[in-house]
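One structure below.
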Ligand code: SDX
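Numbering (full-length UniProt numbering), first residue to last: 40 to 432.
Put into structure tokens, the structure is as follows:
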């Protein structure tokens, strides 16, 4: 379980850093946050408690959780000037660049407490980000549908507050659905950290230059927006919609993937590390059944997803390449059932991943030995040659 570096012929494959936060065994399909198995945390913990665990390294006592919850609760509101920031975006702006820009802008309101080496500054920035990202995410959605922003209601939990600010309107009360809150809280737990994935490595790399926490997280949000990374959950829905529109013909689609027609991939399948079923996908699949069959009305997209999974798990093409469902395969179906539009799916991923980004950034700042060093390369360009005048080229 100790990271070691191996130099494969022709390809440098090294551990990018050491970290004590999250452990993954890709072959065995194991994921643990600070030693606790993901299935136990998903079943028994809460997103805010898991955020505490990732950031401070231990599960909180009741008093510690109460204090942490209260500190976060005090910071859910945005500065009024930051609210006007959203007006600068076009109505159809994708919420991910809005989220990233707003997080970077958020830091500009706290110029006096951005020093990565001042423990009090790091602590208040941690609390501000955890508290305000859900508010920013809700406002990015409200902006896209032209509805008024709702102020946070601190009598609610962080997840309840987010749902109310997202789906509530000033004209009527918003009824909190406990099943939806529980399902979303669990999804946020499952996304909370995942060792050195693309977006977390981005946060660490940007932070290693001593950029402040807001700017480092803002960079991580952009990395997450890529369709091969956090953008995959939206791409899965688009893929399932496409199959449904073509009459639900799963076999023809699978054939296209195997023939690599137009580079089409089975989105939500495969993983750089898991060469087994992603443990998060197994947990999410159970929640999918609960949420989608809640009102007894199934979803044709779920049927297509189940057929796709069945086909892929039996097909040598996918078995040989160790392609199994990953965290993104089912999440989009749940988010859609909750009422989120596809372009908000990756925003939800970012909300979940935030405590992991913060924990990893703090670990790197506190212990430079865990820093991702300046990456090197294997040079494959031209050997030395002399400059030639333009007439001689
Ligand atoms: C996330 O790093 C993390 O931890 C990320 C994440 C996190 O929590 O932060 O887990 C979240 O990003 C999950 C992944 C979401 N992305 C997708 O679902 C997009 C679809 N997946 C692929 O893009 C791909 O599987 C990757 C990028 C995720 C992983 O690629 P690998 O393991 O490096 O595999 P590869 O690109 O080297 O491909 C190996 C072979 C190739 O075929 P051959 O050239 O050998 O014939 O597998 C094929 C690929 O074409 N392949 C796929 C495929 N993924 C790989 N073929 C069809 N569909 C796919 N999804």
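No residue lacks a Cβ here, since even glycine has one placed at the ideal position from N, Cα and C.
For residue i, the nearest candidate out of the options (CA to CA)
{"i": "residue 151", "options": "54, 124, 82, 164", "result": "164"}
{"i": "residue 206", "options": "156, 351, 157, 181", "result": "181"}
{"i": "residue 383", "options": "196, 304, 179, 348", "result": "179"}
{"i": "residue 368", "options": "192, 325, 147", "result": "325"}
{"i": "residue 60", "options": "398, 258, 345", "result": "398"}
{"i": "residue 89", "options": "400, 393, 419", "result": "393"}
{"i": "residue 433", "options": "237, 295, 81", "result": "Examination of residue 433 is not possible in this model, given that the chain is present from 40 through 432 alone."}
{"i": "residue 172", "options": "202, 160, 307", "result": "202"}
{"i": "residue 135", "options": "390, 424, 419", "result": "390"}
{"i": "residue 233", "options": "319, 132, 404", "result": "319"}
{"i": "residue 121", "options": "340, 327, 138, 131", "result": "138"}
{"i": "residue 187", "options": "314, 196, 194, 177", "result": "177"}
{"i": "residue 115", "options": "196, 290, 295", "result": "196"}
{"i": "residue 109", "options": "85, 166, 160", "result": "166"}
{"i": "residue 315", "options": "246, 362, 285", "result": "362"}
{"i": "residue 346", "options": "373, 360, 74, 290", "result": "290"}
{"i": "residue 235", "options": "63, 431, 424", "result": "63"}
{"i": "residue 395", "options": "255, 159, 79, 307", "result": "255"}
Neighbour-count burial assignment, residue i, 16 or more Cβ in a 10 Å radius
{"i": "residue 429", "result": "exposed"}
{"i": "residue 322", "result": "buried"}
{"i": "residue 298", "result": "exposed"}
{"i": "residue 358", "result": "exposed"}
{"i": "residue 175", "result": "buried"}
{"i": "residue 141", "result": "buried"}
{"i": "residue 184", "result": "exposed"}
{"i": "residue 408", "result": "exposed"}
{"i": "residue 199", "result": "buried"}
{"i": "residue 249", "result": "exposed"}
{"i": "residue 91", "result": "buried"}
{"i": "residue 271", "result": "buried"}
{"i": "residue 123", "result": "exposed"}
{"i": "residue 251", "result": "buried"}
{"i": "residue 157", "result": "exposed"}
{"i": "residue 365", "result": "buried"}
{"i": "residue 332", "result": "exposed"}
{"i": "residue 102", "result": "exposed"}
{"i": "residue 311", "result": "exposed"}
{"i": "residue 313", "result": "buried"}
Simplified DSSP state of residue i, which is helix, strand or coil
{"i": "residue 64", "result": "strand"}
{"i": "residue 312", "result": "coil"}
{"i": "residue 411", "result": "coil"}
{"i": "residue 366", "result": "coil"}
{"i": "residue 149", "result": "helix"}
{"i": "residue 69", "result": "strand"}
{"i": "residue 256", "result": "helix"}
{"i": "residue 91", "result": "helix"}
{"i": "residue 75", "result": "strand"}
{"i": "residue 293", "result": "helix"}
{"i": "residue 8", "result": "No information on residue 8 is available, as it lies outside the stretch 40 to 432 that the chain covers here."}
{"i": "residue 211", "result": "strand"}
{"i": "residue 129", "result": "coil"}
{"i": "residue 394", "result": "helix"}
{"i": "residue 124", "result": "helix"}
{"i": "residue 419", "result": "coil"}
{"i": "residue 249", "result": "coil"}
{"i": "residue 269", "result": "coil"}
{"i": "residue 360", "result": "coil"}
{"i": "residue 197", "result": "helix"}
{"i": "residue 379", "result": "coil"}
{"i": "residue 349", "result": "helix"}
{"i": "residue 427", "result": "coil"}
{"i": "residue 223", "result": "helix"}
{"i": "residue 405", "result": "helix"}
{"i": "residue 399", "result": "helix"}
Residue i: CB within 7 Å of a non-hydrogen atom of the ligand NAP
{"i": "residue 319", "result": "Among the ligands in the structure shown, the ligand NAP does not appear; only the ligand SDX can be found there."}
Cβ of residue i within 8 Å of any chain C Cβ
{"i": "residue 374", "result": "The structure shown contains no chain C, having only a single protein chain."}
Evaluate the contact criterion for the stretch 145-162 versus the stretch 89-98: three or more CB pairs, one atom per stretch, below 8 Å.
No: fewer than three Cβ pairs fall under 8 Å.
Using 8 Å as the cut-off, can you tell me whether the stretch 350-357 makes contact with the stretch 231-250, which would need three or more C-beta pairs spanning the two stretches below that distance?
no
Does the stretch 66-77 touch the stretch 409-423, meaning 3 or more C-beta pairs lie closer than 8 Å?
no
So, does the stretch 130-146 touch the stretch 199-214, judging by three or more C-beta pairs under 8 Å?
no
With a threshold of 8 Å, are at least 3 pairs of Cβ atoms found where one atom belongs to the stretch 361-380 and the other to the stretch 213-232?
yes
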